[in-house]
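Colleague:
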Amino acid sequence: MLRNREMVETKLQRIAEKARKEDECRFTSLFHLMNEEMLRECFQELRKDAASGIDKVTKKEYGEKLGENLNALVGKLHRMAYIPLPVRRVYIPKPGSSKKRPLGIPALEDKLVQAGLT
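To convert, note that position 63 of the sequence shown is 92 in the working numbering; the numbers rise steadily by one, no gaps.
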């Protein structure tokens with residue numbers, strides 16, 4: 030049997046193919062495809078030293094109550110109540126220049142949702 034995330038990726042590929050072939054077809058949400066098991070896999074793949082977003086929640090802190098946090102996130106996704114937080118903006122140096130460029134750092138839950146949809 031395919032792993033959960035692989036099944037979702039297959040479904041996303043079929044949805045993308047249908048969208049390419051049928052211009053009149055509209056999709057309002059893909060959140061119903063996400064579940065706790067898939068988001069747990071996404072969580073495991075996140076870098077442990079990744080920068081925290083505007084909410085300042087680290088991977089370690091989120092992982093301390095991972096089951097509860099993922100259950101709540103899936104509930105918000107399925108109720109269409111999930112609202113991503115604003116991205117934390119930092120400026121990093123441009124290579125070979127004294128100028129800086131903006132870098133957006135999403136909150137940890139937003140990273141999980143993004144990982145689940147890519």
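Every residue, glycine too, gets a C-beta built ideally from N, C-alpha and C.
Using DSSP with H/G/I as helix, E/B as strand and the rest coil, what is Val86?
Modeller: Here residue 86 corresponds to residue number 57 of the sequence shown, with the count starting at 1. If DSSP states are grouped into helix, strand and coil, Val86 belongs with coil.
Colleague: Determine the burial state of Glu138: buried for a count of at least 16 other Cβ atoms within 10 Å of its Cβ, exposed for fewer.
Modeller: Along the sequence shown, read from residue 1 onward, the residue named residue 138 stands at position 109. It counts as buried.
Colleague: Skipping 5 residues on each side, what residues in its chain have a beta carbon closer than 7 Å to that of Cys153?
Modeller: Beyond the ends of the chain as shown, which are 30 and 147, falls residue 153; an answer cannot be given.
Colleague: If we ignore side chains and look at the alpha-carbon of each, how far apart do Asn64 and Arg76 end up?
Modeller: In the sequence shown, the residue the question calls residue 64 occupies position 35. In the sequence shown, the residue the question calls residue 76 occupies position 47. Taking C-alpha positions only, Asn64 is separated from Arg76 by approximately 21 Å.
Colleague: Need the endpoints of the alpha helix (DSSP H) that Lys68 sits in, please.
Modeller: Start at 1 with the first residue of the sequence shown, and residue 68 comes out as number 39. Sequence check: residue 68 is Leu here, not Lys. Here the alpha helix (DSSP H) through Leu68 covers 65-74.
Colleague: For Ile121, which residues from the same chain have a beta carbon less than 7 Å from its beta carbon, with the 5 sequence-adjacent residues on both sides left out?
Modeller: Position 92 of the sequence shown, counted from the start, is the residue given in the question as residue 121. Excluding residues within five positions, the ones whose Cβ falls inside 7 Å are Lys129, Arg130, Leu132.
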